């Protein structure tokens, strides 16, 4: 498990995706799972039409951009269709054990403490987890604590 914490534009997401693609190509994992809290930065986008993937696409676009920098678009689409690359809302991870997967939790500063605890207990056999975030970009409501900041505080002590 790796925590990649740093300011905007420092390459956290891009590096995590590069590590995931390399692990998949080297057959160290069977799939890549991308997840991110569905928290909006400042403005409310309201209801989004479409299926689950279409609703999540705006939140996961930076991950898709990095993937298509490293793999041809057609291969990314094929991997997604076959479940080799999976997009999973953070809220839907409960109850899963993720074996032989490279899992990226992006923008983790917007995960609540309960979501972070739930996510960290999903790691299965031969799984790789990369958690990215920037503590200065928390978009949670004032009454909610950042799970990333709590996890870093606990690990530091």
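Residue numbers (the working numbering): 29 to 185.
Note that CB positions come from ideal geometry on N, CA and C, so glycine has one too.
Model, not experiment: these values are computed from the prediction.
For residue i, which option in the options has the closest C-alpha, if you only look at C-alpha atoms?
| i | options | result |
| --- | --- | --- |
| residue 119 | 103, 112, 102, 145 | 145 |
| residue 88 | 117, 79, 78, 103 | 117 |
| residue 37 | 164, 60, 115, 77 | 164 |
| residue 30 | 131, 173, 143 | 131 |
| residue 111 | 157, 59, 159 | 59 |
| residue 83 | 115, 150, 177 | 115 |
| residue 55 | 154, 167, 184 | 154 |
| residue 47 | 172, 171, 170, 160 | 160 |
| residue 39 | 90, 53, 52 | 90 |
| residue 43 | 168, 158, 185, 149 | 158 |
| residue 51 | 92, 167, 98 | 98 |
Return the first residue and the last residue of the beta strand (DSSP E) that residue i is part of.
| i | result |
| --- | --- |
| residue 147 | That residue, residue 147, is in no beta strand (DSSP E); its alpha helix (DSSP H) goes 141-148. |
| residue 161 | 156-161 |
| residue 59 | 59-63 |
| residue 120 | Neither: residue 120 is in no beta strand (DSSP E) and is coded neither H nor E. |
| residue 36 | Where residue 36 is concerned, there is no enclosing beta strand (DSSP E), given that its DSSP letter is neither H nor E. |
| residue 136 | Taken as a continuous stretch (DSSP letters only), residue 136 belongs to no beta strand (DSSP E), as it is neither H nor E. |
| residue 115 | 113-115 |
Along the alpha helix (DSSP H) that carries residue i, what are the first and last residues, could you check?
| i | result |
| --- | --- |
| residue 50 | 40-53 |
| residue 102 | 101-110 |
| residue 179 | 175-184 |
Could you give the C-beta distance for residue i and residue j, rounded to a whole number, given that I count them as a contact under 8 Å?
| i | j | result |
| --- | --- | --- |
| residue 45 | residue 95 | 6 Å |
| residue 49 | residue 180 | Rounded, the Cβ-Cβ distance is 26 Å, inconsistent with contact. |
| residue 126 | residue 151 | 6 Å |
Can you tell me whether residue i sits near the ligand SAH, meaning its C-beta is under 7 Å from at least one heavy atom of the ligand?
| i | result |
| --- | --- |
| residue 170 | Of ligands this structure carries none, so the ligand SAH is not represented either. |
With burial defined as no fewer than 16 other Cβ atoms inside 10 Å of the residue's Cβ, what is the status of residue i: buried or exposed?
| i | result |
| --- | --- |
| residue 162 | buried |
| residue 41 | buried |
| residue 129 | buried |
| residue 183 | exposed |
| residue 53 | exposed |
| residue 123 | exposed |
| residue 78 | exposed |
Q. How about the stretch 55-64 and the stretch 134-145: do they share at least three Cβ pairs that are nearer than 8 Å?
A. yes
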